[in-house]
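S.K.: Chains as they are written, first to last, in the working numbering: chain A, -7 to 253; chain B, 160 to 459.
All residues carry an ideal CB built from backbone N, CA and C; glycine is no exception.
Here's a structure for you.
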Amino acid sequence: MSGKKKTGAIVLSQRMIAPDIYDMWLKTELAAKAAAGQFVGVYPGDKSHLLPRPISICEVDRQRSALRLVYRIAGAGTGEFASWQPGQETALLGVLGNGFPVKENAHRKAVLLGGGIGIPPMLELAKELKEQGAEVTIVIGYRDDKLFLKEDLEQYGRVFVATEDGSVGVKGNVLDVLAKEDICPEVMMACGPMPMLRAIKRYAQEKEITAYISLEERMACGVGACLGCVCKTTHKDHHSHVNNARICTDGPVFDAREVDI
Amino acid sequence: MNTKVTIAGVEFKNPVMTASGTFGSGMEYSDFVDLNELGGVVTKGVANIPWEGNPVPRVAETYGGMLNAIGLQNPGIDVFMERDIPFLKQYDTKIVVNVCGKSVEDYLEVVEKLGDTAVDMLEINVSCPNVKEGAIAFGQKAECLYDITSRIKAKAKQPVIMKLSPNVTDITEMAKAAEAAGADGISLINTLTGMKIDIHKRTFALANKTGGLSGPAIKPVAVRMVYQAAHAVKIPVIGMGGIATAEDAVEFLLAGASAVAVGAMNFVNPYTTVEVVRGIEDYMKKYGVEDVNQLIGSVK
């Protein structure tokens, strides 16, 4: 038994932290087992929208038995979530996915890279790596000066910012920061848009280091049954033996060498 | 109170199964439900060789339902026999294997390999709308359906259920063709072909452009077709299409289904199957129904 369940949750707080980006804490028993890089399915209350929305875990507070989700309004489901006030009851499916390999990499110089709405999972990851005694560098990329989670991340490591328009930090992307600041990762852990993850895969290949990347895809069940959210793999997957891993269960975090993106 | 139903000589402890493709071979959902509580597990479609399926995106949500175009990704019969059948044998539930293929020979190879296994029943997928060859091509013309059904029946050692497509002009014609060819039963409905367009990106929501619509949105169509099919043939009908609750399941039984299957709602609420099992018992108690068989086809 993996301990996955569908269970109730209560909104503890909610606030907008950037345009269309919301920061919500939920009280839920799932906090007991949640780890960096995993995600939960959040259910819209409107029953015309049936499927749970996969949302990455931004932070875990085991003492309060709470999960922090930082998400972007992408459609009607997440639009409804943004309207929830403290006390709102909802349901979660979780905890889903594999998460980042924290303990195995605690002795390496880890560089975390987050782009846009891929930044939130970097917070719990930075926290867990620091708890393990790792030296953490965090590079985060935004479109413009509407930054979020930067101060939160600064608690756990050195933070560098890239913006597409150059309004804050380095003008360009997260890899431009590595070059400009002369940062030499021993291991990379990343979440963000596909072009960024592809560039990180290439960078890691050239430097002969390991990069763990968190992928995203449209999914239905979230538990590995529907085979909706697959990604191409370099080796035969263990489920269907056809080079298609299930992002929801075999991932969302993959060694970049193992996926064909 | 009796909840057992018998279909083609196979006794199910209750009339609740899983719809093919929505439950894998039960492994993923065994985290959530006790498979021993289910009448049967109907597996994801399996072919003679591994199929890699369609490009992503493969799923899209729609109002009260969803579209999928998985394309029958599966590991092929050899891995399935080594891994999935032994897994299901651990449980006290009936094993119904859904079989797919690109040619009649593909189907026959799988059916023959399953002949000496502990599988209780075969469900033949002649209704998947998401693969270019095979599947639905066999299920949309009565003469093709008759041909494949009779050839499978000649080789199969287990009872054969033909899973029918709703994407036809007259479901009764297809039901009668399956019956005439010797099918032991029919199951319906598979998904309805649909399409969704992302107006912001101006592209199709699914890489396959079209997909199969499932979920509560299709239930009235499914109930109507089950009713029509059940009145057209004497062989048993397994009903499915948007079942979310025991009330939905009872509707299908009253319309003429001898058993039901829970499909897309497994993705929404992983406990749906067992909730339907218990809910049917509650319904029977509430209305003093001694035997679930009394419900089947009782609304004429």
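Going by beta carbon distance, what residues of the same chain come within less than 7 Å of B:Asn207, once the five residues before and after it are set aside?
M.R.: By 1-based counting over the second sequence, the position of residue 207 of chain B is 48. Correct list, in chain order: Gly235, Ile236, Gly260, Asp265, Glu268 and Val269.
S.K.: State the Cα-Cα distance for the pair A:Thr202 and A:Ala98, rounded to the nearest angstrom.
M.R.: As a position in the first sequence, residue 202 of chain A is number 210, starting the count at 1. As a position in the first sequence, residue 98 of chain A is number 106, starting the count at 1. One C-alpha to the other measures close to 13 Å.
S.K.: Quick one: which residues of the region 204 to 218 of chain A get their C-beta closer than 9 Å to a C-beta of chain B? List them in chain order.
M.R.: Listed in sequence order: Glu209, Arg210, Met211, Ala212, Cys213, Gly214, Val215, Gly216, Ala217 and Cys218.
S.K.: Kindly list the residues whose CB is nearer than 8 Å to the CB of B:Gly353, restricted to its own chain and excluding five residues on each side of it in sequence; keep chain order.
M.R.: In the second sequence, the residue the question calls residue 353 of chain B occupies position 194. Excluding positions up to five away in sequence, the list reads Thr221, Leu226, Thr369, Gly370, Gly371 and Leu372.
S.K.: Where does B:Val175 fall in DSSP's three states?
M.R.: Numbered from its first residue, the second sequence carries residue 175 of chain B at position 16. B:Val175: strand per DSSP, three-state reduction.
S.K.: Could you name the residues of chain B that A:His233 contacts, counting a contact when the two beta carbons are closer than 8 Å?
M.R.: Counted from its first residue, the first sequence places residue 233 of chain A at position 241. Near A:His233 (Cβ distances below 8 Å), the residues of chain B are Pro209, Pro234, Gly235 and Val238.
S.K.: When the Cα atoms are used, what is the spatial distance from A:Ala248 to A:Arg238?
M.R.: Working through the first sequence from its first residue, we reach residue 248 of chain A at position 256. Working through the first sequence from its first residue, we reach residue 238 of chain A at position 246. Roughly 15 Å separates the two Cα atoms.
S.K.: Using 9 Å as the threshold, is the C-beta distance between A:Gly108 and A:Arg150 below it?
M.R.: Against the first sequence, residue 108 of chain A aligns to sequence position 116. Against the first sequence, residue 150 of chain A aligns to sequence position 158. No, Cβ-Cβ distance for A:Gly108 and A:Arg150 is not below 9 Å.
S.K.: For B:Lys445 and B:Asp407, I'd like the C-alpha separation in whole angstroms.
M.R.: For the purposes of this step, residue 445 of chain B is identified with residue 286 of the second sequence, where counting begins at 1. For the purposes of this step, residue 407 of chain B is identified with residue 248 of the second sequence, where counting begins at 1. Going by the C-alpha atoms only, they are around 16 Å apart.
S.K.: Where DSSP assigns a beta bridge to B:Ile356, which residues make up the other side?
M.R.: For the purposes of this step, residue 356 of chain B is taken as the residue at position 197 of the second sequence. Answer is B:Phe363.
S.K.: Between the region 247 to 259 of chain B and the region 168 to 182 of chain B, do at least 3 Cβ pairs fall closer than 8 Å?
M.R.: They touch, by the three-pair rule.
S.K.: With DSSP run on the structure shown, which of helix, strand or coil describes B:Tyr386?
M.R.: For the purposes of this step, residue 386 of chain B is taken as the residue at position 227 of the second sequence. Helix, per DSSP.
S.K.: Find the residues of chain E that neighbour A:Leu189, judging by a C-beta separation of less than 8 Å, and give them in chain order.
M.R.: In the structure shown, chain E cannot be found, because the protein chains are A and B.
S.K.: Identify the contact partners of A:Asn236 in chain B, using a Cβ-Cβ distance below 7 Å as the criterion.
M.R.: Counting from 1 along the first sequence, the entry for residue 236 of chain A is found at position 244. Near A:Asn236 (Cβ distances below 7 Å), the residues of chain B are Glu211, Gly212 and Gln232.
S.K.: Assign A:Thr20 to one of two classes, buried (16 or more other C-beta atoms within 10 Å of its C-beta) or exposed (fewer than that).
M.R.: Taking the first sequence and counting its residues from 1, one reaches residue 20 of chain A at position 28. That one is buried.
S.K.: How big is the Cα-Cα spacing for A:Arg194 and B:Trp210?
M.R.: Locating residue 194 of chain A in the first sequence gives position 202, where the first residue counts as 1. Locating residue 210 of chain B in the second sequence gives position 51, where the first residue counts as 1. Distance between the alpha carbons of A:Arg194 and B:Trp210 is about 29 Å.
S.K.: B:Val436 lies in the alpha helix (DSSP H); which residues open and close that run?
M.R.: For the purposes of this step, residue 436 of chain B is identified with residue 277 of the second sequence, where counting begins at 1. Taken as a continuous stretch (DSSP letters only), the alpha helix (DSSP H) holding B:Val436 covers Thr431 to Lys445.
S.K.: Under a Cβ-count criterion, where at least 16 other Cβ atoms within 10 Å of its own Cβ denotes burial, should A:Pro36 be classed as buried or exposed?
M.R.: By 1-based counting over the first sequence, the position of residue 36 of chain A is 44. It counts as buried.
S.K.: In whole angstroms, what is the alpha-carbon distance linking A:Gln124 and A:Arg54?
M.R.: As a working note, residue 124 of chain A is residue 132 in the first sequence. As a working note, residue 54 of chain A is residue 62 in the first sequence. In a straight line, the C-alpha of A:Gln124 is about 17 Å away from that of A:Arg54.
S.K.: What three-state label does DSSP hand A:Met(-7) in the structure shown?
M.R.: The sequence position of residue -7 of chain A within the first sequence is 1, counting from 1. For A:Met(-7), the predicted structure reports a pLDDT of 49, less than 50, and the residue's modelled location is therefore unreliable. The matter cannot be settled from this model.
S.K.: Would you mind sorting B:Lys393 into buried or exposed? The rule is 16 or more other CB atoms within 10 Å of its CB.
M.R.: For this step, residue 393 of chain B is matched to residue 234 along the second sequence. By the neighbour-count rule (16 or more Cβ atoms within 10 Å), B:Lys393 is not buried but exposed.
S.K.: Within a Cβ cutoff of 6 Å, which residues of the same chain sit near A:Met(-7), ignoring the five residues on either side of it in sequence?
M.R.: Here the question's residue -7 of chain A lines up with position 1 in the first sequence. In this prediction, A:Met(-7) has a pLDDT of 49, which is less than 50 and means its spatial position is unreliable; what the coordinates show is noted afterwards. Taken in chain order, the list of residues that qualify is empty.
S.K.: With 9 Å set as the bound, which would you pick, yes or no: does the beta-carbon of B:Glu338 sit closer than that to a beta-carbon of chain A?
M.R.: As a working mapping, residue 338 of chain B is identified with position 179 in the second sequence. No - not a single Cβ of chain A is within 9 Å of the one on B:Glu338.
S.K.: Of the residues that make up the region 364 to 386 of chain B, which ones have a beta carbon closer than 7 Å to any beta carbon in chain A?
M.R.: Here the close residues are Gly374.
S.K.: Using a Cβ cut-off of 9 Å (strictly closer), state whether A:Met(-7) contacts chain B.
M.R.: Here the question's residue -7 of chain A lines up with position 1 in the first sequence. A caution first: A:Met(-7) carries a pLDDT of 49, below 50, which makes its placement in the model unreliable, though a value can still be read off. Interface residue, yes.
S.K.: CA-CA distance, A:Met114 and B:Gln387?
M.R.: If you number the first sequence from 1, residue 114 of chain A lands on position 122. If you number the second sequence from 1, residue 387 of chain B lands on position 228. Cα to Cα, the separation comes out at about 55 Å.
S.K.: List the residues of chain B whose Cβ lies closer than 8 Å to the Cβ of A:Ser40, in chain order.
M.R.: On the first sequence, residue 40 of chain A is found 48 positions in, with the first residue counted as 1. Simply Tyr222 and Gly223.
S.K.: Which residue marks the beginning of the alpha helix (DSSP H) containing B:Ile330, and which one marks its end?
M.R.: Stepping through the second sequence from its first residue, residue 330 of chain B is reached at position 171. First-last of the alpha helix (DSSP H) with B:Ile330: Ile330 to Ala339.
S.K.: For B:Thr165, does the count of other Cβ atoms within 10 angstroms reach 16, so buried, or fall short, so exposed?
M.R.: Counted from its first residue, the second sequence places residue 165 of chain B at position 6. It is exposed - the Cβ of B:Thr165 has fewer than 16 other Cβ atoms within 10 Å.
S.K.: Exposed or buried, what is B:Thr328 when buried is set at 16 or more other beta-carbons lying within 10 Å of its beta-carbon?
M.R.: Numbered from 1 along the second sequence, position 169 holds the residue referred to as residue 328 of chain B. With fewer than 16 other Cβ atoms within 10 Å, it is exposed.
S.K.: Quick test of the definition: if touching needs 3 or more C-beta pairs under 8 Å, does the region 238 to 254 of chain B touch the region 284 to 300 of chain B?
M.R.: No: fewer than three Cβ pairs fall under 8 Å.
S.K.: Assign B:Ala277 to one of three DSSP states: helix, strand, or coil.
M.R.: Within the second sequence, the letter at position 118 stands for residue 277 of chain B. Coil at B:Ala277, not helix or strand.
S.K.: Going by the beta-carbon positions, is the gap between A:Ile255 and A:Ala182 smaller than 9 Å?
M.R.: Examination of residue 255 of chain A is not possible in this model, given that chain A is present from -7 through 253 alone.
S.K.: For the 8 Å Cβ check, are there 3 or more pairs between the region 0 to 19 of chain A and the region 70 to 85 of chain A?
M.R.: Verdict: yes, contact present.
S.K.: Looking only at C-alpha atoms, which of A:Leu88, A:Val166, A:Glu200 and A:Glu96 sits nearest to A:Gly(-5)?
M.R.: Mapped onto the first sequence, residue -5 of chain A falls at position 3. The shortest C-alpha separation from A:Gly(-5) is found at A:Leu88.
S.K.: Nearest-angstrom Cα distance between B:Asp193 and B:Asn428?
M.R.: Taking the first residue of the second sequence as 1, we reach residue 193 of chain B at position 34. Taking the first residue of the second sequence as 1, we reach residue 428 of chain B at position 269. Between B:Asp193 and B:Asn428, the C-alpha separation is close to 15 Å.
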